[in-house]
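Data block below; observations after.
There are 2 protein chains.
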Amino acid sequence: MDPLATPAMVIDAKTVVRNAERLAAYAAQHELDIRPHTKTHKSRQLAALQMAAGAVGLTAAKVGEAEIMAEVADDILIAYPAIDPARTIRLVRLAAHATVRVAVDSREGAKLLGEAANRASATIGILVDLDVGMGRTGLQKPSDALKLAQFVDATSGLRLDGLFCYPGHIGGPADQQAAALQEVSDKLAHTLRLWSEHGLQARIVSGGSTPSAYQSHLIPEYTEIRPGTYLYNDMNTVRGDYCTLDDCAARIICTVVSTAVPGQVVIDAGSKTLTSDRCAPAPDSGHGYILEYPEARITRLSEEHGQVDIRACGSGPKIAERVTVVPNHICPCVNLHDAVWWRDEDGVLRELAIDARGRLV
Amino acid sequence: MDPLATPAMVIDAKTVVRNAERLAAYAAQHELDIRPHTKTHKSRQLAALQMAAGAVGLTAAKVGEAEIMAEVADDILIAYPAIDPARTIRLVRLAAHATVRVAVDSREGAKLLGEAANRASATIGILVDLDVGMGRTGLQKPSDALKLAQFVDATSGLRLDGLFCYPGHIGGPADQQAAALQEVSDKLAHTLRLWSEHGLQARIVSGGSTPSAYQSHLIPEYTEIRPGTYLYNDMNTVRGDYCTLDDCAARIICTVVSTAVPGQVVIDAGSKTLTSDRCAPAPDSGHGYILEYPEARITRLSEEHGQVDIRACGSGPKIAERVTVVPNHICPCVNLHDAVWWRDEDGVLRELAIDARGRLV
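Note that the protein sequences, when read in sequence, are chains A and B. In case it helps, the numbering used here puts the first sequence at residues 1145 to 1505. In case it helps, the numbering used here puts the second sequence at residues 1145 to 1505.
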């Protein structure tokens, strides 16, 4: 990598370590395990840092990510219904040398995983996915979660590990989350009661997201939480009031390449660098935040151009000037970079590979 | 690559060839050169196909793309103000064995390119970038374009090649484009007249986009056009009425991984596969089009999940079923895939590398 070349993502080690330690302290206080979602960084090094900070295992979305992360931890949860043959064949291979757990919300999916496991003489741990309000995946009713748990418990090749949820619909200031979190807790408790009445145990109850991470103690059913973004943060978490700009570990250095249009400059970061993801808590705030020019607004992205409205700035950046952007959504943004810069605690930059970048399967 | 694994992009050779031949026939009829924008496919093989179809050279956005494309063609236009040192140093290196042209809209940028060229004893061709209404890059006034042309003409290491514009603001049905195209033509003509009055020539007048590609003859000043998307097409070009679904060469095979939420299925393609780009001519049409279920709507993308509303379908896809998605915007979508499938004219699939994927600099 050329240290002069932009756009370049720089990850600040001090901020990363502080973010990891803060979550570890919270989890320890509330006797919660942490199983960080590695989709955010897709990096072996960062996963190792999370394990060193006390994580019990790692979370991955895709099987390709899980394969990378199994080099760092021996307990991997695929927080994804990885039920099709292309995935199950790789998962059971992975299960030969790591504990592999999968969140599943269908009998058909559990059956396919069990068959694959049997063919490979492997065992896959299953977490039954319960929808707690996000409406994306997950069984709708506690009674359905009971039925699937019973099926899993009776299926050779599978081991019933527990219950899974993703409360991704919960956000906003902590005092506004309480009612929604109570609903999650109630639904989990109801389900666990049913399981218990039928002689089934959930050794793991896995939930959590970055916006609700520090409210996880309000869901006493949880045994572990799976935040991802907390390690880097972004404008979603800043504008959602979950952290400050100082907590944003990942920034993108850009160069101003055009100032020809009055009231505007163009930076060399468009949707192929920043993604088109809007800032969820503030959709009209632009495509990221420019640290040196807080009044500027990234109004429009083409693939390689970021158009920045500088009319509200006293004076905007000059041509060829460098500016620093905090992106809206760091996870898909990291996935656009083959490698980024790691700035260590002494300020020294070195290359950090995005090992699981582009692992779509 | 595993032929079973999804999400997987498949490029259909027959459709690609037909799209390339159609543009070549149009350009020949109107005596226009084609310099395709390779940002769409980022592939040596596809660039070679475009050269074989009669292109005079290739277009790239970033220097990293240009380096790849210079292996296929000896005349490369960087349609981007590549003016910072990290880029100029690589461009002048490239200019040692290829004709390198850069679109520039600032005197500072031209100066930096000239200095880099002189240090390397190279010559860089310059196209002066004129804003014809898009408001992204480009000089605002013909008189400014004259001044920059004069500066370039007088600067050692640079060669004034001509005039450049990007009419990316023009779209819609052909009969609604005429007035806007006339304005582009007038502004180019005005600028060229000024140049001519001052003894300057534009051997190249480069413009064009996919939406306006087949109206390029209405801008008689053009000597060449630079469409990119035309080769693959996508829902932007379908819903913009520039082509039909049959002209879409790139499709993404997905698997249904969850059907737990009533009225919805989840496919294994989210924003890390499809991007979050909305369909520009129909922003509420969803995140792509499912060929097998035209009534379905991809309402929401997470990073790896695509939530599909199937309430309007007679019956939706079953769990583990495969569906085929035509994405909204093919260019950033291709950039998310390390490799895709090329289905040749006999229907045989083989791997196609996305050689310039992730070339951000």
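Glycine included, every Cβ here is placed at the ideal spot set by N, Cα and C.
Through-space distance from residue j to residue i, alpha-carbon basis
i, j, result
"P1364 (chain A)", "T1417 (chain B)", "36 Å"
"G1450 (chain A)", "A1152 (chain A)", "14 Å"
"R1501 (chain B)", "L1480 (chain B)", "7 Å"
"V1207 (chain B)", "A1230 (chain B)", "9 Å"
"T1159 (chain B)", "P1461 (chain B)", "27 Å"
"T1232 (chain B)", "L1271 (chain B)", "15 Å"
"G1198 (chain B)", "A1247 (chain B)", "22 Å"
"V1296 (chain A)", "A1191 (chain A)", "30 Å"
"Q1345 (chain B)", "V1478 (chain B)", "38 Å"
"V1216 (chain A)", "L1167 (chain A)", "20 Å"
"N1380 (chain A)", "K1285 (chain B)", "39 Å"
"R1466 (chain A)", "T1443 (chain A)", "18 Å"
"V1328 (chain A)", "D1319 (chain A)", "15 Å"
"S1420 (chain B)", "P1471 (chain B)", "10 Å"
"L1496 (chain A)", "Q1189 (chain A)", "8 Å"
"R1251 (chain B)", "L1504 (chain B)", "24 Å"
"G1430 (chain A)", "D1330 (chain A)", "38 Å"
Contact set between residue i and chain A, taken where Cβ atoms lie within less than 7 Å
i, result
"T1399 (chain B)", "D1228"
"A1149 (chain B)", "A1230, V1505"
Presumed contact (8 Å Cβ cut-off) between residue i and residue j, rounded CB distance
i, j, result
"K1183 (chain A)", "C1475 (chain A)", "6 Å"
"L1221 (chain B)", "A1261 (chain B)", "That pair is no contact at about 16 Å."
"N1163 (chain A)", "Y1437 (chain A)", "Contact doesn't hold; Cβ gap of about 25 Å is too wide."
"I1314 (chain A)", "P1371 (chain A)", "Between P1371 (chain A) and I1314 (chain A) the Cβ distance is about 12 Å, and since that is not below 8 Å, they are no contact."
"T1243 (chain B)", "D1219 (chain B)", "4 Å"
"L1176 (chain A)", "S1360 (chain A)", "6 Å"
"H1473 (chain A)", "D1378 (chain A)", "6 Å"
"A1157 (chain B)", "W1486 (chain B)", "6 Å"
"D1275 (chain A)", "A1404 (chain B)", "7 Å"
"L1332 (chain B)", "L1307 (chain B)", "6 Å"
"D1412 (chain A)", "C1398 (chain A)", "6 Å"
"I1268 (chain A)", "V1401 (chain B)", "Not a contact, Cβ separation roughly 16 Å."
"E1123 (chain B)", "R1179 (chain B)", "Absent from the model: residue 1123 (chain B). The displayed extent of chain B is 1145 to 1505, so no value can be given."
"P1225 (chain A)", "M1278 (chain A)", "At roughly 14 Å, the Cβ-Cβ gap does not stay under 8 Å, so P1225 (chain A) and M1278 (chain A) are not in contact."
"L1290 (chain A)", "L1338 (chain A)", "5 Å"
"G1253 (chain A)", "I1463 (chain B)", "7 Å"
Outcome for residue i when other beta-carbon atoms lying within 10 angstroms are tallied against a minimum of 16
i, result
"G1491 (chain A)", "exposed"
"R1347 (chain A)", "exposed"
"T1335 (chain A)", "buried"
"G1432 (chain A)", "buried"
"T1203 (chain A)", "buried"
"A1323 (chain B)", "exposed"
"G1343 (chain B)", "exposed"
"H1181 (chain B)", "buried"
"P1317 (chain A)", "exposed"
"R1395 (chain B)", "buried"
"K1456 (chain B)", "Residue 1456 (chain B) is actually Ala in this sequence, not Lys. It is exposed - the Cβ of A1456 (chain B) has fewer than 16 other Cβ atoms within 10 Å."
"Q1408 (chain A)", "buried"
"V1321 (chain B)", "The residue asked about is misnamed: residue 1321 (chain B) is Gln in this sequence, not Val. Result: buried."
"G1458 (chain B)", "exposed"
"R1494 (chain A)", "exposed"
"T1281 (chain A)", "buried"
"Q1194 (chain B)", "buried"
"A1169 (chain A)", "exposed"
Within chain A, partners of residue i - CB distance below 8 Å
i, result
"T1093 (chain B)", "Beyond the ends of chain B as shown, which are 1145 and 1505, falls residue 1093 (chain B); an answer cannot be given."
"L1283 (chain B)", "A1404"
"A1205 (chain B)", "E1447, E1448"
"I1463 (chain B)", "I1227, S1250, E1252, G1253"
9 Å Cβ cut-off: residues of chain A touching residue i
i, result
"K1255 (chain B)", "Result: empty, since nearest Cβ-Cβ is about 10 Å, beyond 9 Å."
"L1271 (chain B)", "Per Cβ cutoff of 9 Å: no residues; L1271 (chain B) is ~14 Å from chain A at best."
Cross-chain neighbours of residue i in chain B, by beta carbon under 8 Å
i, result
"V1410 (chain A)", "P1225, R1280, T1281"
"K1183 (chain A)", "E1447, E1448"
Partner residues on chain B for residue i, Cβ-Cβ distance less than 7 Å
i, result
"K1158 (chain A)", "Per Cβ cutoff of 7 Å: no residues; K1158 (chain A) is ~25 Å from chain B at best."
"G1352 (chain A)", "In chain order: nothing, as chain B lies at least about 15 Å away."
"C1475 (chain A)", "E1447"
"L1480 (chain A)", "G1502"
"Q1451 (chain A)", "R1280"
Where residue i meets chain B, residues with beta-carbon distance less than 9 Å
i, result
"S1118 (chain A)", "Since the first and last residues shown for chain A are 1145 and 1505, residue 1118 (chain A) lies out of range."
"D1488 (chain A)", "In chain order: nothing, as chain B lies at least about 22 Å away."
Which runs of the alpha helix (DSSP H) at least 4 residues long sit entirely within the stretch 1336-1386 of chain B? Give them in chain order. 1379-1383
Report the start-end ranges of each alpha helix (DSSP H) in the stretch 1426-1495 of chain A that is 4 residues or longer and not cut off at the edges.
1474-1478
In chain order, each beta strand (DSSP E) run of at least 3 residues that lies wholly inside the stretch 1161-1243 of chain A: 1202-1204, 1219-1222
Would you mind listing the beta strand (DSSP E) stretches within the stretch 1286-1317 of chain A that are 3+ residues and don't spill past its ends, in chain order? Taking only runs of at least 3 residues, the beta strand (DSSP E) segments lying wholly in the stretch 1286-1317 of chain A are 1302-1308.
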